[in-house]
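**Student:** First residue of the sequence shown: 1, per full-length UniProt numbering; consecutive thereafter.
For glycine and all other residues, C-beta sits at the position ideal for the given N, C-alpha and C.
My questions will all concern the structure given below.
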Amino acid sequence: MGIAVEVDDLHIRYGELEAVSGLSLTADFGAVTAVLGPNGAGKTSTIECCEGYRRPASGRVRVDGLDPIADHQAVTERIGVMLQGSGLPRHQRPRDVLVQFAGFYDDPLDPDQLLEQVSLTHRARSTWGRLSGGEQQRLSLALALIGRPRVAFLDEPSAGVDLEGRLLIRSLISQLRDDGVAVVLSTHDLDEAQSLADHIVIVDRGVVVASGAPDELLRLESGEEVRFGADPHLDTNELSRRLGVDVTEPSRGEYLVAAAGTPQLVAALTSTLAEWDVTLADLRAGRKRLDDVFLRLTGEASSAAAGATQPDTPSTTPDREGR
Numbered sequence: 001m002g003i004a005v006e007v008d009d010l011h012i013r014y015g016e017l018e019a020v021s022g023l024s025l026t027a028d029f030g031a032v033t034a035v036l037g038p039n040g041a042g043k044t045s046t047i048e049c050c051e052g053y054r055r056p057a058s059g060r061v062r063v064d065g066l067d068p069i070a071d072h073q074a075v076t077e078r079i080g081v082m083l084q085g086s087g088l089p090r091h092q093r094p095r096d097v098l099v100q101f102a103g104f105y106d107d108p109l110d111p112d113q114l115l116e117q118v119s120l121t122h123r124a125r126s127t128w129g130r131l132s133g134g135e136q137q138r139l140s141l142a143l144a145l146i147g148r149p150r151v152a153f154l155d156e157p158s159a160g161v162d163l164e165g166r167l168l169i170r171s172l173i174s175q176l177r178d179d180g181v182a183v184v185l186s187t188h189d190l191d192e193a194q195s196l197a198d199h200i201v202i203v204d205r206g207v208v209v210a211s212g213a214p215d216e217l218l219r220l221e222s223g224e225e226v227r228f229g230a231d232p233h234l235d236t237n238e239l240s241r242r243l244g245v246d247v248t249e250p251s252r253g254e255y256l257v258a259a260a261g262t263p264q265l266v267a268a269l270t271s272t273l274a275e276w277d278v279t280l281a282d283l284r285a286g287r288k289r290l291d292d293v294f295l296r297l298t299g300e301a302s303s304a305a306a307g308a309t310q311p312d313t314p315s316t317t318p319d320r321e322g323r
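If you want it as structure tokens, here you go:
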């Protein structure tokens, strides 16, 4: 369907700090492009340039063929922006604010139909301050879509949302793609990126360290693994010794065994945990996942930049995180 967003050799500076250093990426119409990166990677500053909220030091940015700075009004009419934590006034009511936003566009979506799409019809007369975190996220998404955008920039759309709400948001994003909208998704949820994205861009320390379709990126990390849940802070060194393979605890109470899930390995694992009087939960075996690729790539980039400490990037734009 063509290129919707084009960023070429982008540089962004905050005083003496270069937050983005020659970054290039593209996002297509009718596709979901996920931009991933640790805090301080430069991904949000890059997206702010695409939205026209930040002027780059150098480089070329085009959104639907337009310069977001020189053609700011025209770009604003073609994009939808969902910020993490929209921060509406507490007294605002969902239907009222959607009607207000609809007035900014020539051909907006119907506010009542949009409320139904995000499952907020029953909360139409409530107030922002009385909505749950997940309901606020769904309203923020509705506000980003009210103007029928050709390009939608979504910042952490599922943050703080329960399972039912996440499934709803993912369904809406898939529908946007089917309708030909370019969706640029900034997220820390790697499972969400892997399941939704057609193209993934991994950014670290102001540069792109990898990009491609999810399957292409997964091929960067070969091998099989076993994951399981158990009590936090097990002695992974002793467990590694007993199993004869590396065992780590990448997150609290979730363990990763760097080996194929053979019957012998599973038997040794279960018997060891039983000996320690530890309950085994959620045992899964399979190929490595996107988070393995992400951690290795961003870890390598961080190692390459060792000694060049990058402080948190300042911002003058409210409610933007993960710069």
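Where do the ends of the alpha helix (DSSP H) carrying P111 lie?
**Tutor:** 111-117 is the extent of the alpha helix (DSSP H) around P111.
**Student:** Just the Cα atoms here: how many angstroms apart are S302 and I173?
**Tutor:** Because S302 sits at a pLDDT of 49, beneath the cut-off of 50, its placement in the model cannot be relied upon, and the following sentence gives the value as read from the coordinates. The alpha-carbon atoms of S302 and I173 are separated by roughly 32 Å.
**Student:** Over the uninterrupted beta strand (DSSP E) stretch that includes S251, give me the two end residues.
**Tutor:** Its beta strand (DSSP E) spans residues 247-251.
**Student:** Measuring straight from C-alpha to C-alpha, what distance separates A24 and L239?
**Tutor:** The question names Ala, but residue 24 in the sequence shown is Ser. The straight-line gap from Cα to Cα measures roughly 43 Å.
**Student:** Please work out which residues of its chain come closer than 7 Å, Cβ to Cβ, to L176, disregarding the five sequence neighbours upstream and downstream, and give them in chain order.
**Tutor:** A152, V183, listed in sequence order.
**Student:** Give me the residue from L196, L109, A260 with the minimum Cα distance to V32.
**Tutor:** Measuring from the Cα of V32, the nearest candidate turns out to be L196.
**Student:** E229 by DSSP, collapsed to three states: which one?
**Tutor:** Per the sequence shown, residue 229 should be read as Gly rather than Glu. The answer is strand: DSSP assigns G229 an E or B state.
**Student:** Is there contact here, the segment 234-248 with the segment 260-269, by at least three beta-carbon pairs under 8 Å?
**Tutor:** A contact exists between the segment 234-248 and the segment 260-269.
**Student:** Check whether the segment 7-18 and the segment 35-49 touch, using three or more Cβ-Cβ pairs below 8 Å as the test.
**Tutor:** Yes: the two stretches touch, three or more of their Cβ pairs being nearer than 8 Å.
**Student:** Report the three-state DSSP secondary structure of E16 (helix, strand or coil).
**Tutor:** It is coil, neither helix nor strand.
**Student:** Does DSSP classify S302 as helix, strand or coil?
**Tutor:** Unreliable positioning characterises S302 in this predicted model, as indicated by a pLDDT of 49, which lies under 50. The coordinate reading is nonetheless provided below. Three-state DSSP puts S302 in a helix.
**Student:** Starting from S240 and walking both ways along the alpha helix (DSSP H), at which residues does that stretch end?
**Tutor:** S240 -> alpha helix (DSSP H) spans 236-243.
**Student:** For G2, which of helix, strand or coil comes out of DSSP?
**Tutor:** Three-state result, G2: coil.
**Student:** Provide the residue span of the alpha helix (DSSP H) that contains F101, from first to last.
**Tutor:** First-last of the alpha helix (DSSP H) with F101: 94-102.
**Student:** So, with DSSP's three-state summary, where would you put G88?
**Tutor:** Checking the displayed sequence, the identity of residue 88 turns out to be Leu instead of Gly. Of the three classes helix, strand and coil, the one that applies to L88 here is coil, per DSSP.
**Student:** Quickly, what does DSSP pair S21 with across the bridge? List them, please.
**Tutor:** H11.
**Student:** What's the C-alpha gap between residue 333 and Q73?
**Tutor:** In the structure as shown, the chain starts at 1 and stops at 323, and residue 333 therefore has no counterpart that could be examined.
**Student:** Less than 9 Å between the C-beta atoms of L290 and D155, yes or no?
**Tutor:** No, Cβ-Cβ distance for L290 and D155 is not below 9 Å.
**Student:** Find the nearest neighbour of Q113 within the set W128, P94, T127, S126, judged by alpha-carbon distance.
**Tutor:** Per the Cα distances, P94.
**Student:** For G22, tell me which candidate among A285, V207, R296 has the shortest Cα-Cα distance.
**Tutor:** The residue with the shortest Cα to Cα distance from G22 is V207.
**Student:** Give me the Cβ distance between L141 and M82, rounded to the nearest whole Å; I'm assuming they're in contact under 8 Å.
**Tutor:** About 5 Å; that satisfies the 8 Å criterion.
**Student:** Thinking V5 and V63 are a contact (beta carbons under 8 Å), I'd like their distance in whole angstroms, please.
**Tutor:** The Cβ separation is near 5 Å, so the contact holds.
**Student:** Compare the Cα-Cα distances from L139 to each of G2, G253, L120 and report the closest residue.
**Tutor:** Answer by Cα proximity: L120.
**Student:** In terms of residue numbering, what span does the beta strand (DSSP E) encompassing G80 cover?
**Tutor:** Where G80 is concerned, the enclosing beta strand (DSSP E) stretches over 79-82.
**Student:** With burial defined as no fewer than 16 other Cβ atoms inside 10 Å of the residue's Cβ, what is the status of T262: buried or exposed?
**Tutor:** Exposed, by the Cβ-count rule.
**Student:** Around the Cβ of L17, are there at least 16 other Cβ atoms within 10 angstroms (buried) or fewer (exposed)?
**Tutor:** L17 comes out exposed.
**Student:** Can you list, in chain order, the residues of its chain with a C-beta nearer than 6 Å to that of R252? Leave out the 5 residues immediately preceding and following it.
**Tutor:** For R252, where only same-chain residues beyond five positions count, the Cβ hits under 6 Å are P232.
**Student:** Look up E48 in the DSSP assignment and say whether it is helix, strand or coil.
**Tutor:** E48 falls in the helix class under three-state DSSP.
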